[in-house]
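Numbering (the numbering used here), first residue to last: 19 to 452.
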């Protein structure tokens with residue numbers, strides 16, 4: 019194996035000592051990626067999804083505005099396409115340029131994974147990404163998958179590198195890739211949940227394997243409270259799945275067709291409050307148990323030692339940036355039904371109680387997010403928050419031209435937008451998440 023690596027490290031010519039065989043092979047992989055992504059790019063007819071993305075991007079390019087709709091995922095693609103139309107003109111070829119560029123960038127990103135995959139492993143992985151039918155198809159397709167793939171590989175790289183070397187560079191990179199993903203597609207919720215689960219387990223492993231000096235009782239209480247939290251959360255998830263199983267159609271079932279003779283309810287009727295569920299009870303109990311565990315963790319392990327844990331850095335950055343977008347989970351515990359269609363959203367304008375609850379919950383999550391971030395590291399956190407929220411706000415308000423982004427009740431209106439995003443995740447996955 020060393021002989022193989024030695025060959026990769028050799029320069030291709032004595033006059034070019036910096037250009038090794040490894041670099042030449044990887045450049046060859048990138049050239050194949052460029053060729054396969056750009057070749058005959060305009061020949062395939064636009065699909066249904068592509069036609070929607072290109073049409074509304076074209077309207078934005080013409081100056082006719084754009085308003086984010088979760089049906090077509092995040093706003094990043096529409097702004098990217100509008101810029102491409104402005105620079106290179108409008109055609110099937112130019113419409114696919116953003117996806118092509120991000121697909122190539124995803125393959126190029128494998129170069130930085132050599133320390134984890136090995137030199138030959140990175141070259142082989144890059145080549146496999148080039149010839150992958152899935153990567154090739156969506157790398158030439160006007161959808162969000164190319165952005166998602168790039169976001170995922172960069173996010174994981176930033177996490178692993180920060181765990182390895184620390185510092186702030188990779189935290190900024192993590193904030194940037196979260197901004198890209200959350201403005202691209204709702205899969206950002208899934209990727210972030212997976213990252214938080216991994217970081218949570220890793221963090222617990224780190225703090226429990228180290229000695230808690232003169233705090234054995236705090237350690238025991240922390241372990242007990244954490245175990246109770248896991249148990250209650252598991253029961254809450256189980257209750258949720260059990261109560262929603264009957265209301266979810268399977269692949270072998272069809273929905274009851276609409277009856278034109280049925281009485282039609284007003285589309286502007288206010289949504290009715292939902293009863294407190296078993297899931298909510300166990301969920302709240304799990305949160306309380308978690309807070310107890312967090313208290314004894316801080317008291318026994320000490321705050322300074324926590325701030326020195328690299329996994330804790332990643333948990334704080336990821337958790338605080340995403341927390342305000344999880345407001346719908348809290349809203350669903352208050353007997354306020356989250357609007358999921360146009361009629362319910364319009365009816366909500368006359369429902370002061372629901373507006374206050376939705377706006378209040380969003381304000382609460384923002385306060386918790388800012389408070390936790392500044393408590394962790396006030397010098398770093400606000401910069402990471404800007405990296406995430408500035409492009410997020412600019413894109414979702416279409417560079418501040420979308421007036422609905424600044425309604426008279428902006429907090430409630432923003433919460434509705436986030437609720438609709440989460441509702442779109444349900445539609446994609448065929449599940450209910452609140």
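Think of the CB as a built atom: it goes at the ideal place given N, C-alpha and C, for glycine as much as any other residue.
Cβ-Cβ distance between residue i and residue j below 8 Å
i	j	result
residue 232	residue 202	no
residue 9	residue 98	Residue 9 is absent from the structure shown; the chain starts at 19 and stops at 452.
residue 117	residue 159	yes
residue 190	residue 120	no
residue 146	residue 335	no
residue 44	residue 139	no
residue 124	residue 168	yes
residue 243	residue 311	yes
residue 76	residue 108	yes
residue 339	residue 406	yes
residue 319	residue 225	yes
residue 83	residue 411	no
residue 55	residue 170	no
Buried versus exposed call for residue i [16 or more other C-beta atoms within 10 Å across all chains shown]
i	result
residue 343	buried
residue 221	buried
residue 223	exposed
residue 180	buried
residue 114	buried
residue 260	exposed
residue 51	buried
residue 204	buried
residue 400	exposed
residue 230	buried
residue 327	buried
residue 53	exposed
residue 206	buried
residue 86	buried
residue 74	buried
residue 71	buried
residue 217	buried
Candidates the options, of which the one nearest residue i by Cα
i	options	result
residue 370	24, 354, 385, 389	354
residue 349	331, 372, 339	372
residue 309	247, 87, 378	247
residue 396	382, 315, 325	325
residue 42	53, 54, 27	27
residue 296	29, 67, 250	250
residue 341	228, 33, 382	382
residue 210	177, 227, 228	177
residue 379	351, 402, 408, 366	351
residue 186	332, 416, 69	332
residue 254	303, 245, 212	303
residue 256	306, 298, 60, 67	298
Boundaries of the alpha helix (DSSP H) in which residue i is found, first to last residue
i	result
residue 118	115-127
residue 86	It is not in any alpha helix (DSSP H) - residue 86 carries neither H nor E in the DSSP assignment.
residue 351	Element bounds for residue 351: n/a, residue is neither H nor E.
residue 325	321-325
residue 65	Careful: residue 65 lies outside any alpha helix (DSSP H) and carries neither H nor E.
residue 397	396-414
residue 97	94-106
Boundaries of the beta strand (DSSP E) in which residue i is found, first to last residue
i	result
residue 341	Counting along the chain, residue 341 falls outside any beta strand (DSSP E), and DSSP gives it neither H nor E.
residue 38	34-38
residue 30	29-31
Does the contact criterion of 3 or more C-beta pairs under 8 Å hold for the region 83-92 versus the region 33-45?
By the Cβ test, the region 83-92 is not in contact with the region 33-45, since fewer than three Cβ pairs between them sit closer than 8 Å.
Would you call the region 147-155 in contact with the region 185-204, where contact means no fewer than 3 C-beta pairs closer than 8 Å?
A contact between stretches requires three or more CB pairs, one per stretch, nearer than 8 Å, and the region 147-155 fails this requirement with the region 185-204.
Specify whether the region 124-140 and the region 233-253 touch according to this definition: at least 3 beta carbon pairs, one from each stretch, less than 8 Å apart.
No, because fewer than three Cβ pairs between the region 124-140 and the region 233-253 fall closer than 8 Å, the two stretches do not touch.
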